[in-house]
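Residue numbers (the working numbering): 365 to 450.
For each residue, glycine too, the CB sits at the ideal point set by N, CA and C.
Structure record follows, encoded as structure tokens.
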């Protein structure tokens, strides 16, 4: 059985290279995949917001954007799975 650990932190994981825009317009999520260097979605223009997915280079979902600190720094919620995955 896999060992699952959840961590909420402002520190971005080394394998967290992309984020997925989950901005909703007219009931449809944008779902655009972006590099972490991009703060705004190139498709809908939305900035990263709570609920955006944290992804590895291969598209594997590592977690979600939980919240923001008062200074604007993102707080990410990651799930670590040991025994063969993430």
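Secondary structure at residue i, three-state DSSP: helix, strand or coil?
i           : result
residue 424 : coil
residue 397 : strand
residue 430 : strand
Could you check if residue i is buried or exposed, using at least 16 other CB atoms within 10 Å of its CB as the buried criterion?
i           : result
residue 393 : exposed
residue 424 : exposed
residue 427 : buried
residue 416 : buried
residue 412 : buried
residue 404 : exposed
Can you list, in chain order, the residues of its chain with a C-beta nearer than 6 Å to that of residue i? Leave out the 5 residues immediately preceding and following it.
i           : result
residue 379 : 420
For residue i, list the residues DSSP reports as bridge partners.
i           : result
residue 453 : Limits of the chain in this structure are 365 at one end and 450 at the other, which puts residue 453 out of reach.
residue 387 : Partner(s): none; residue 387 has no beta bridge.
residue 404 : 411
residue 370 : 443
What residues in its chain sit with their C-beta under 8 Å from that of residue i, if we drop five residues either side in the sequence?
i           : result
residue 439 : 372, 373, 374, 429, 430, 431, 432, 433
residue 410 : 385, 387, 394, 404
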